[in-house]
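Below is one structure, written out as structure tokens; the observations come after it.
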Amino acid sequence: ANKGGSIYLGLFTDDTCTVFADSKKGANMFKTLMGYELPYKATSLVGSDCRSCIEPIRAEEEAEADDYYENEDEISRGCEELYETSGKCESYMDVEYKNEDACAYIDGIKIIRMDGLVGINNGEGSIAAGFAIAALSLCFGMIGAYAYFLYKKIKYNINLN
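Residue 105 in UniProt numbering sits at position 105 of the sequence shown, with consecutive numbering throughout.
If you want it as structure tokens, here you go:
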């Protein structure tokens, strides 16, 4: 929890999930509305225990395998499918074909707060963006001034005919 590794459920009153429904992180409101306790309010939704991905081999299969070749550990189907569908950032791995499809996403995740809540780091705008906004504002101001000038010119135009 100190590094944001735990996930707890809460009830919020806004669509950006920043305002809790009550002082107990929405647990009281949830119980009032649903009639039962909010699950995972005190225990993490994600466990820290490891699960082995090695496929267990039955004794008779192991005996047969030893006869033909050295028994290799096989990866369980669940772990294999989880790995295949997961986002990967293999930038620093020593492999021939690196998969860096999720590197930008992983770099974009910023956990700011230490209470387990994800904070949003509002970055500063670039100098180019500031310059573009200033230039467009100046252009719109000049167009507005010119339009006002033309309006006044037409309004006070005296017809001498």
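Just so it is clear, CB atoms sit at the ideal spot from N, CA and C, and this is done for glycine as well.
Opening and closing residue of the alpha helix (DSSP H) in which residue i lies
i, result
"N28", "A27 to M34"
"C103", "C103 to G108"
"K155", "I127 to K155"
"R77", "R77 to T85"
Buried versus exposed, by CB contacts within 10 Å (16 or more), residue i
i, result
"L38", "buried"
"F30", "buried"
"A27", "buried"
Backbone CA spacing between residue i and residue j [nearest angstrom]
i, j, result
"C139", "L150", "16 Å"
"C17", "I7", "14 Å"
"L11", "G35", "14 Å"
"V19", "G108", "23 Å"
"I106", "E80", "21 Å"
"G141", "A147", "10 Å"
"I127", "E84", "40 Å"
"A1", "F131", "Residue placement at A1 is flagged as unreliable, the pLDDT there being 46, under the threshold of 50; the coordinate-derived value follows with that caveat. For A1 and F131, the distance between alpha carbons rounds to 42 Å."
"A145", "D15", "41 Å"
"T13", "I143", "44 Å"
"A129", "L33", "46 Å"
"E53", "I133", "The question names Glu, but residue 53 is Cys in the sequence shown. Each residue's alpha carbon lies about 53 Å from the other."
"R51", "A135", "57 Å"
"S137", "N157", "30 Å"
"E55", "D49", "18 Å"
Whole-Å CB distance - residue i paired with residue j, under 8 Å assumed
i, j, result
"K88", "A102", "6 Å"
"E100", "S86", "Not really, about 13 Å apart at Cβ, beyond 8 Å."
"L82", "Y40", "Actually they do not touch by this definition, with Cβ atoms about 21 Å apart."
Subject >> Stretch-stretch touch, CB-based, cutoff 8 Å, three pairs: the stretch 43-59 with the stretch 14-24 >> reply: Touching, no, given that fewer than three Cβ pairs across the two stretches are closer than 8 Å.
Original post:
Between the stretch 73-80 and the stretch 88-104, are three or more C-beta pairs nearer than 8 Å?
Top reply: Contact between the stretch 73-80 and the stretch 88-104 is absent, because fewer than three Cβ pairs lie under 8 Å.
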